[in-house]
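S.K.: With the working numbering, the residue at position 55 of the sequence shown is 60, and numbering never jumps.
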Amino acid sequence: MREIAVVSGKGGTGKTTVAASFMSFAPECVIADCDVDASNLPILLTPRSIEQTPIVGSIVAVVDKDMCNSCGKCFNACRFDAIDGALAIDEQRCEGCGVCAYVCPTDAITMEERVAGTLHRSTTRFGPFIYMDMRYREEGSGKLVTAVREKAHEVAGESGAETIIIDGPPGIGCPVIASLTGADLALVVCEPTFSGKWDLERVSELAGSLSVPTAVCINKYDINTDMTASITKWCDSNGIPVVGKMPYDIDVYRAIASRKTLPEYGNAALTSALGDVWDSLVGLLDSR
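#1: My guess is that residue 68 and residue 114 are in contact by the Cβ rule of under 8 Å, so how many angstroms apart are they, rounded?
#2: Just list the residues that DSSP pairs residue 2 with in beta bridges.
#3: Compute the distance between the beta-carbons of residue 191 and residue 217, then report whether it is under 7 Å.
#4: Can you tell me where the beta strand (DSSP E) holding residue 168 begins and where it ends?
#5: What is the DSSP secondary structure of residue 184, counted as helix, strand or coil?
#6: Relative to the C-alpha of residue 96, which candidate in 23, 133, 273, 64 has its C-alpha closest?
#7: Assuming contact is defined by CB atoms lying nearer than 7 Å, are residue 175 and residue 15 in contact in what I supplied?
#8: State yes or no: is the C-beta of residue 131 within less than 7 Å of the C-beta of residue 52?
#9: Can you say whether residue 203 is buried or exposed, counting buried as having 16 or more other CB atoms within 10 angstroms of its CB?
#10: Please work out which residues of its chain come closer than 7 Å, Cβ to Cβ, to residue 156, disregarding the five sequence neighbours upstream and downstream, and give them in chain order.
#11: In the segment 209 to 285, which residue ranges form an unbroken alpha helix (DSSP H) of at least 4 residues, counting only runs that do not cross its ends?
#12: Quick one: give me the first and last residue of the beta strand (DSSP E) that residue 84 is part of.
#13: Under DSSP, the beta strand (DSSP E) around residue 8 begins and ends at which residues?
#14: Could you tell me the boundaries of the beta strand (DSSP E) in which residue 37 lies?
#15: Tell me, please, whether the segment 194 to 202 touches the segment 255 to 266 by the rule of three or more beta-carbon pairs shorter than 8 Å.
#16: Name the one or two DSSP bridge partners that residue 63 has.
#17: Tell me whether the beta-carbon of residue 223 lies closer than 7 Å to the beta-carbon of residue 253.
#18: Can you list, in chain order, the residues of its chain with a C-beta nearer than 7 Å to that of residue 280? Leave out the 5 residues immediately preceding and following it.
#19: Going straight from the alpha carbon of residue 184 to that of residue 40, what length do you get?
#20: Since residue 180 and residue 150 are thought to touch, with beta carbons under 8 Å apart, how far apart are those beta carbons, to the nearest angstrom?
#21: Can you tell me whether DSSP reads residue 79 as helix, strand or coil?
#22: Since residue 62 contacts residue 143 with CB under 8 Å, what's their CB separation in whole angstroms?
#23: Looking at residue 248: is its Cβ nearer than 7 Å to the Cβ of residue 285?
#24: If you run the structure through DSSP and keep just helix, strand and coil, what is residue 161?
#25: Going by C-alpha distance, which of 266, 94, 81 is nearest residue 28?
#26: Going by the beta-carbon positions, is the gap between residue 121 and residue 104 smaller than 7 Å?
#27: Which residue's Cα is closest to the Cα of residue 108: 78, 37, 35?
#28: Residues in its own chain within less than 6 Å of residue 58 by CB, not counting five upstream and five downstream?
#29: Given a cut-off of 7 Å on the beta-carbon distance, is the pair residue 230 and residue 7 in contact?
#30: Just reading off the beta strand (DSSP E) that residue 194 is part of, what are its end residues?
#31: What's the call for residue 91, buried or exposed, on a 16-neighbour Cβ count within 10 Å?
Here's what the structure looks like:
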């Protein structure tokens, strides 16, 4: 079983569009949407959920008013302004550190688990799909990403899938680390801009620190050919293969508006370019 993580140093580079398109080229695969904060692959894949599992994301302080003597020690100890003058807990501010429970002289405060969202195992027209439906005002974490990946591995083992495709979150934070750790290959989708190059360097450095081989796809390469050349030169000097350069094409937006992947939409040039990227990734994995 092989695991390819599609990531980017920032949002909006085309990462999800590329990851979704790969499902047309992978004969047997499971796709996992690890961008748990903003899971948008369901928009394209229109999944049918067949299994739902509540996932605990954090713990929060809860006050037993009958045991509380209103001493105010918890109010003074909290550094996140999660406790007001009436000694009520603001769940959205509470970080679950437990200091309030530690200083409470009457043991009136307990730390309770809080469900962050629902993990969905689903089916799509392409095959199995795992994603997280976050609760309102909750935030993602590496723990939630790990839950998505573990379920993807479970489903892949049951179905005999050869490949897991991870649509990772943007950036270089904890969810990205959880998406990359243990993957066989990271594909970084970037744009030919100054910030895009900088973000590419950051996420490539992160992947390297996790011993995950990296490849690069430059999206909308033709909007700034000088920067594309600069990115290509940087990749060459760092031993990172550039496996594809996708042109700017208005059909990308039309396909998304139609809730279709690019191969489904029927743009032959883009489909061919994406197919070449996929073949290059498979070649890199086979050569390891």
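Glycine residues also receive a C-beta, built at the ideal position from the N, C-alpha and C atoms.
M.R.: Here's the rundown:
#1: Rounded to whole angstroms, the Cβ separation of residue 68 and residue 114 is 5 Å, and the two are in contact under 8 Å.
#2: What the structure shows of the chain is the stretch from 6 to 293, and residue 2 is not part of that stretch, so it cannot be assessed.
#3: Taking the C-beta atoms as reference points, residue 217 is found nearer than 7 Å to residue 191.
#4: Start and end: 168 to 175.
#5: In the displayed model, residue 184 falls within a helix according to three-state DSSP.
#6: Selected option, being the one with the closest Cα: 64.
#7: In this structure, residue 15 lies closer than 7 Å to residue 175 by Cβ.
#8: Note that the C-beta distance between residue 131 and residue 52 is not below 7 Å.
#9: Exposed, by the Cβ-count rule.
#10: Excluding residues within five positions, the ones whose Cβ falls inside 7 Å are 124, 126, 135.
#11: Within the segment 209 to 285, the complete alpha helix (DSSP H) runs of at least 4 residues are 230 to 242, 256 to 262, 267 to 270.
#12: Per DSSP, residue 84 is not a residue of any beta strand (DSSP E), being assigned neither H nor E.
#13: First-last of the beta strand (DSSP E) with residue 8: 7 to 13.
#14: From DSSP, the beta strand (DSSP E) with residue 37 extends over 34 to 38.
#15: As far as the Cβ criterion goes, the segment 194 to 202 does not touch the segment 255 to 266, which means the pair count is below three.
#16: For residue 63, which the question treats as bridged, DSSP gives the partners 119.
#17: No; because the gap between Cβ atoms is not below 7 Å, this pair is not in contact.
#18: Around residue 280: 30.
#19: Residue 184 and residue 40 have their alpha carbons spaced roughly 9 Å apart.
#20: Between residue 180 and residue 150 a beta carbon distance of about 5 Å is seen, short of the 8 Å cut, so the two are scored as contacting.
#21: Helix at residue 79.
#22: Between residue 143 and residue 62 the Cβ distance is about 6 Å, and since that is below 8 Å, they are a contact.
#23: Cβ atoms of residue 248 and residue 285: closer than 7 Å.
#24: It is helical.
#25: Check the Cα spacing between residue 28 and each of 266, 94, 81: the tightest is with 266.
#26: In terms of Cβ geometry, residue 121 and residue 104 do not form a close pair [threshold 7 Å].
#27: Among 78, 37, 35, the Cα nearest to that of residue 108 is on 78.
#28: Excluding sequence positions up to five before and after residue 58, its CB lies within less than 6 Å of the CB of 124, all in the same chain and listed in chain order.
#29: It is not a contact, given that the beta carbons lie outside the stated cut-off.
#30: Residue range 190 to 195 is occupied by the beta strand (DSSP E) that includes residue 194.
#31: Counting other Cβ atoms within 10 Å of its Cβ, residue 91 stays below 16 and is therefore classed as exposed.
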